[in-house]
Amino acid sequence: MLGVVALVVILLVVIAHSGGGGGSSDDAGASPSPYVPSSAPYTPSSDPYTPSTDPYASGDPYASGDPYSSPSPEPSPYTSGTCLDGTLPDSTTAQSVSGVEEVSCSASDAHYEVIETVPLTTDLSRCNSNPRTQYAFSYRYTLGGATINSYVYCLVGLGSYAR
């Protein structure tokens, strides 16, 4: 038994000398080394979050059409004595008409003369109270589809348009 105890003591001495259990002799006396990367870290050539130009330095973004600006002033209504060209339908009911514009009363295409203007209505029967009325014409001034103002014009026909 004394031989077994001597063997255990020898093994313990060998194990203690080799650094403690199971390590290789290459690690004996070695100290830990710091991490050294295999390549340099990424360094961008420019900051991707810095714009090259200031998007707000160009001035007023609404300079060419501010959606909140005041509407253009509505056209002045035709006054008594104003002459119009175009062709109005021979009807007592409202119909869509285009191409009716103010012209000189001496022009060859002057077909109608305004004899009365009735604001804030599209009711053509408002011209029934004027016995000279031969035609009635309604105009609506709209903005974005909403009626802002409206007029009824009582007219007499000129030349071949007279009734």
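For the sequence shown, position 64 (counting from the first letter as 1) is numbered 1308 according to this note's numbering, and the numbering increases by one without interruption.
Glycine included, C-beta positions come from ideal geometry on N, C-alpha and C.
Since this is a predicted model, take the numbers as computed values, not measurements.
{"query": "Which same chain residues, not among the five before or five after leucine 1348, have their C-beta less than 8 Å away from its C-beta?", "result": "Looking at the sequence itself, residue 1348 is serine, so the reference to leucine does not match. Counting only Cβ-Cβ distances below 8 Å, and skipping sequence neighbours, we find Cys1327, Ala1354."}
{"query": "Taking the CB atoms as reference points, tell me whether isoleucine 1359 and leucine 1399 lie closer together than 8 Å.", "result": "yes"}
{"query": "Would DSSP call serine 1369 helix, strand or coil?", "result": "helix"}
{"query": "So the candidates are Tyr1322, Ser1335, Ser1340, Val1344; which of them puts its Cα closest to the Cα of aspartate 1329?", "result": "Val1344"}
{"query": "Between Arg1376, Arg1407, Ser1324, which has its C-alpha nearest tyrosine 1395's C-alpha?", "result": "Ser1324"}
{"query": "Assign serine 1394 to one of three DSSP states: helix, strand, or coil.", "result": "strand"}
{"query": "Would you identify the three-state DSSP class for serine 1283, choosing helix, strand or coil?", "result": "coil"}
{"query": "Is the beta carbon of serine 1382 less than 8 Å from the beta carbon of threonine 1366?", "result": "yes"}
{"query": "Can you grab the Cα-Cα spacing for the pair valine 1341 / alanine 1351, in whole Å?", "result": "21 Å"}
{"query": "Give the secondary structure of serine 1289 by DSSP, where H, G and I count as helix, E and B as strand, and everything else as coil.", "result": "coil"}
{"query": "Rank Ser1369, Leu1402, Gly1388 by C-alpha distance to the C-alpha of serine 1335 and give the top, closest one.", "result": "Ser1369"}
{"query": "So what does glutamate 1360 bridge to, in DSSP terms?", "result": "Cys1398"}
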